[in-house]
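Only one structure is covered here, and it is reproduced in the block below.
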Amino acid sequence: MPSRREFFLHRKHAVITGGSKGIGFALASELVNKGCHVTIIARNVNDLKNASGKLQELADSRGQNQKIAWKSVDMTAPYEIIKEAFDNAAKELGPIDILINNAGHSVQAPFCDLPITDFENQMKINYLSAVHATRAVVDDMKQRQTGHISFVSSAAGQFAIFGYSAYSPTKFALRGFADTLHMELLPFKVNVGVLYPPNTDTEGFKVEIETMPEETRLMSESAGLFTPDYVAQQHISDIESGNYSTTIGLDGWMLGNLTAGACPEKSLARGLVQVCFAGLFRAITLVYLGYFNGITKKCQKRRFKLEKEKASNKSD
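Taken in order, the sequence shown gives residues 1 to 316; the numbers are from full-length UniProt numbering.
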């Protein structure tokens, strides 16, 4: 097992994509609380100004001369634009020590109802944005032989359900990218981590709820709801401890152990749990799958019945 290297956050420069709202803003706030200088990246200038103002107030209250900056960048832009933004961020607040790839959003609908362009757009923002941002900082981290790179995946990147045919594959892709990068960066002492947040009480999730298919909503309700602050605290703690995976809640812990597969593991205790309880967790997951499959069938049966009644009423 690779050795677990603790990562000290004080006075480090952290960059968070998608950092103006939700989990990204909560991660930025927690990093400020740990003594970091922080740059947040997003598209909307007003959101960035509002978020950076709050972060600077938090930083000033600590009295440690921490600096906050923001960059308005479309993370689906060509790599050259992304690289320039990150180079400018490094010039302003110093070399980038921590990158958290959080930019992204989800669309939910049955596969055949989704515009085909959604699949390409989801891959651009949820996956390729992280590839471009990582490429922009990784050479400098390797040269300095220090740094941490995080990827915000999702519980839907471990357990795909109805309605996420465009979203889940992008989050699974982040896991594959992170696994590969972890191995490549081991000799350079650069840490890599993955966060698997479940349903989180953010503005984005509230919008998602309004457009979710009935099946997706019913399945999601079984997972509970967590605050962005709690999710951020758990991940920042794992960054400090040098752990690879961050899971949230009891269901997330079980799912993380079940889906560990060939992913990196630095904790002997976590590794032993995965070895000893994988069979049990698989059995529990099969129960969940049976329940979700039942939801899918019942919803479709009900729709078919309603369509049949409507057709009958029209014929009358």
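Beta carbons: idealized from backbone N, C-alpha and C, even for Gly.
Pick helix, strand or coil for T227, following the three-state DSSP scheme.
coil
Rounded to a whole number of angstroms, what is the C-alpha to C-alpha distance between L55 and G94?
In this structure, the alpha-carbon of L55 lies about 18 Å from that of G94.
At 3 residues or longer, what runs of the beta strand (DSSP E) sit wholly inside the segment 239 to 263?
Entirely contained in the segment 239 to 263, the beta strand (DSSP E) runs reaching 3 residues are, in chain order, 245 to 247.
For V275, count neighbouring Cβ atoms within 10 angstroms of its own Cβ and tell me buried if that reaches 16, exposed if not.
exposed
Threshold first: 4 residues or longer. Then list the alpha helix (DSSP H) segments lying entirely within the segment 7 to 36, N to C.
22 to 33
Just the Cα atoms here: how many angstroms apart are H148 and I16?
12 Å
What did DSSP end up calling F151 once you bin it into helix, strand or coil?
If DSSP states are grouped into helix, strand and coil, F151 belongs with the strands.
Tell me which residues share the same chain as D229 and place their Cβ nearer than 6 Å to its Cβ, disregarding the 5 neighbours each side in the sequence.
A26
Under 8 Å, do A130 and F151 count as touching if we go by C-beta distance?
yes
Per DSSP, which one or two residues make a beta bridge with L99?
V15 and I149
Would you say V38 and A51 are within 8 Å of each other, going by their C-beta atoms?
no
If the criterion is Cβ atoms closer than 8 Å, does the pair L250 and T285 meet it?
no
Residue range of the beta strand (DSSP E) that S72 falls in?
I68 to S72
Are there 16 or more other CB atoms within 10 angstroms of the CB of N65, so buried, or fewer, so exposed?
exposed
Tell me which same chain residues have a C-beta within less than 7 Å of the C-beta of K124, skipping the five on either side of it?
T76
Should C36 go down as buried or exposed, given a rule of 16 or more other Cβ atoms within 10 Å for buried?
buried
Note the first and the last residue of the continuous beta strand (DSSP E) segment covering N191.
N191 to Y196
Measuring straight from C-alpha to C-alpha, what distance separates A262 and Y127?
In a straight line, the C-alpha of A262 is about 20 Å away from that of Y127.
Which first and last residues belong to the alpha helix (DSSP H) in which L128 is found?
Element bounds for L128: n/a, residue is neither H nor E.
State the Cα-Cα distance for the pair I209 and F86, rounded to the nearest angstrom.
33 Å
Can you grab the Cα-Cα spacing for the pair G242 / R303, in whole Å?
49 Å
From what residue to what residue does the alpha helix (DSSP H) around I209 run?
E203 to T211
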